[in-house]
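So the structure is just underneath, and the comments pick up after that.
There are 2 protein chains.
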Amino acid sequence: MNVGANFSKNSNKEKCGDCPIQHRAVCAYCEKTELLILEAMKSYKIYGPGEPIIWAGDEMRYVGSIVQGVASLSQTMEDGRKQMVGLLLPSDFVGRPGRSHAAFDVEATSEVTLCRFERKPFEKLLNDVPHLRQRMLEMALDELDAAREWMLLLGRKTAREKISSLIYIIAQREADLRPGGGSVAVEFDLKLTREAMADYLGLTLETVSRQVNGLKKDGVIDLLGKRQVRIRDIARLLQETGDDADGAMPS
Amino acid sequence: MNVGANFSKNSNKEKCGDCPIQHRAVCAYCEKTELLILEAMKSYKIYGPGEPIIWAGDEMRYVGSIVQGVASLSQTMEDGRKQMVGLLLPSDFVGRPGRSHAAFDVEATSEVTLCRFERKPFEKLLNDVPHLRQRMLEMALDELDAAREWMLLLGRKTAREKISSLIYIIAQREADLRPGGGSVAVEFDLKLTREAMADYLGLTLETVSRQVNGLKKDGVIDLLGKRQVRIRDIARLLQETGDDADGAMPS
DNA sequence: CGACTGACTTGACATAGATCAAGGTCTATT
DNA sequence: AATAGACCTTGATCTATGTCAAGTCAGTCG
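Heads up: the protein sequence lines correspond to chains P and R, in order. Count along the first sequence starting at 1, add 644, and that's the number in our numbering. Count along the second sequence starting at 1, add 644, and that's the number in our numbering.
Dropping the structure here:
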């Protein structure tokens, strides 16, 4: 088997049970016994919107993965400035094996169902099961790439490009989670307040509001509710993100 | 042995040979044979200042680690806007096992000596040697944390805080690489042009210039040469970064 | 039913940092 | 010692986004 093998989310979905940690962390290649260990270990917990899951500095008793809802990973400075550093959607992993205390705040943005494992036995399992460690490495490297792309957005994009990028990414992730559908969902719920978007994009909530309504006025998106979006022109939205590979040069 | 065991850089230095990949990726706990395999595989290559090491999208034949000098990991938009997403110093790993093409540009900022391994056999080794994979996971998670902290800087800090943070971080890293010394070097070379700093911080080079000279005028640092810095007041510099834990509240 | 609350919008104004434009300093080259 | 090129500084101005301050609107509670 190849180190770099990349299991598509869908193929994992078919082979694994209902808990995301199975297909994200253990996946199709694992032995039956290992699956059974994880099955026995897991427990679920539900958090209400706005409820903290863990604070930076707290001891981490659990690691786990999101089953339903949206959670945010963020950092706050003493004077209150806040920056989201990750958006946790269903199937994303929460917690860092090998570290006893949390480095970032995790909060439920909408109602969140978390599938949890006690950290210590999970680490032991990680130590014993080669595939699990490999899967964790892949996940960490994927998240690292995502974080670095977000750095380009934070450092160099304009407010309009930031908003467009966020909407586009949420649409993509939404499509991933849906059964049929293309690669980008057309109509979906952002599941984030304007303030949460601002914290994610390094903007103020007023700027977010103005830019979202700007995209609406320019016919790029429709707003069905405050957070319910329909993309009117996907190509145009992609152009607005600033990282359209060939929007400038018509072939 | 514990999954979360964290080998300090120094202890590894003592036990390993001259190639950073040994103490970063294989480390003190590895068997002799594994070290020998890496020894046989490795080769060195030297890059001049400004020379590209690999471009985003290129096939990655090698992975490796920096022995000497500074390299930058960056992304560029079509219109030329550029964002550095990582600063690679001696002992840092370059390349991503399990991916055949590079996701980011890597350029030598100063003269760089790179210790290289062919990617394919390295991946095979990674597959066979548990400690190596564990070390890679730790490195990836550390880099992820660093990337996320940089996101706070890019999204929420002022220009002055950004510059102060960069100087502080370079001073820390410098101290790490030196034999004796405290945790923060006092006098050192930034090894970056104003433009490279700007690309790292999401600023323009003019703003970088003004802020660096501002810190000098305010007695926080001295400039011995254009890139040669002496920190006059470490506590003050830390305060200027914005993430001083208790600069605001005297106990 | 009114009025309260939280999320959002909109306007007027302020400002940090970008942009544009010179000019300066250092090093290498001839 | 003149010339050139890379790098850096400094000033004047512009502008995108932040800040402050009123609203609006939908849902919820008394």
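Positions of the beta carbon are idealized from the N, C-alpha and C atoms, including for glycine.
First through last residue of the alpha helix (DSSP H) which encompasses residue i
i	result
R817/P	A803 to L821
F761/P	No alpha helix (DSSP H) contains F761/P, which is instead part of the beta strand (DSSP E) from V756 to E762.
T885/R	I878 to T885
G984/R	A query on residue 984/R cannot be resolved here, the shown segment of chain R reaching from 645 to 895 and no further.
L836/P	First-last for L836/P: undefined, no H or E at that position.
Collapsed DSSP secondary structure at residue i in the structure displayed
i	result
P693/P	coil
S687/P	strand
V714/P	coil
G824/R	coil
E782/P	helix
E793/P	helix
E787/P	helix
V856/R	helix
Q666/P	Its pLDDT being 49, under 50, Q666/P is placed unreliably in this model, and the value from its coordinates should be taken loosely. Note: Q666/P maps to helix in three-state DSSP.
N654/R	Here the model assigns N654/R a pLDDT of 36, short of 50, so the residue's position is not dependable and the matter cannot be decided.
Residue interval of the beta strand (DSSP E) (run including residue i)
i	result
V729/P	K726 to L732
R871/R	Taken as a continuous stretch (DSSP letters only), R871/R belongs to no beta strand (DSSP E), as it is neither H nor E.
E703/R	Element bounds for E703/R: n/a, residue is neither H nor E.
D866/P	I865 to L867
Contact set for residue i: own chain, Cβ-Cβ below 6 Å, skip 5 residues either direction
i	result
R871/R	D833 and L834
V852/R	R838, M841 and A842
E695/P	A752
W699/P	D749
E818/P	A829 and F832
Y844/P	M728
Residue environment, residue i, which counts as buried when at least 16 other CB atoms sit within 10 Å
i	result
Q816/R	exposed
T753/P	buried
R740/R	buried
E782/P	buried
I690/R	exposed
K726/R	buried
L868/R	exposed
S827/P	exposed
R822/R	exposed
D723/R	exposed
G730/P	buried
G824/P	exposed
D736/P	buried
K861/P	exposed
G701/R	exposed
E850/R	exposed
G799/R	buried
M683/P	Per the sequence shown, the amino acid found at residue 683/P is Glu instead of Met. Burial call: exposed.
G846/P	buried
In DSSP terms, what residue i is bridged to
i	result
A747/R	Note: A747/R sits in no beta bridge, so no partner.
S709/P	F737/P and C759/P
I875/R	I865/R
E831/P	R874/P
T720/R	K726/R
Cut-off 7 Å between Cβ atoms - residues of its own chain near residue i, not counting five sequence neighbours on either side
i	result
T885/R	E805, S808, S809 and Y812
S744/P	E703 and M704
S687/P	R760
P734/R	P664, I710, V711, Q712 and L821
V856/R	I807
D888/P	L882
Spatial neighbours of residue i in its chain, beta-carbon cut-off 8 Å, leaving aside the 5 residues before and after
i	result
E755/R	I690, Y691, G692, P693, Q712 and G713
V830/P	A815, R874, I875 and I878
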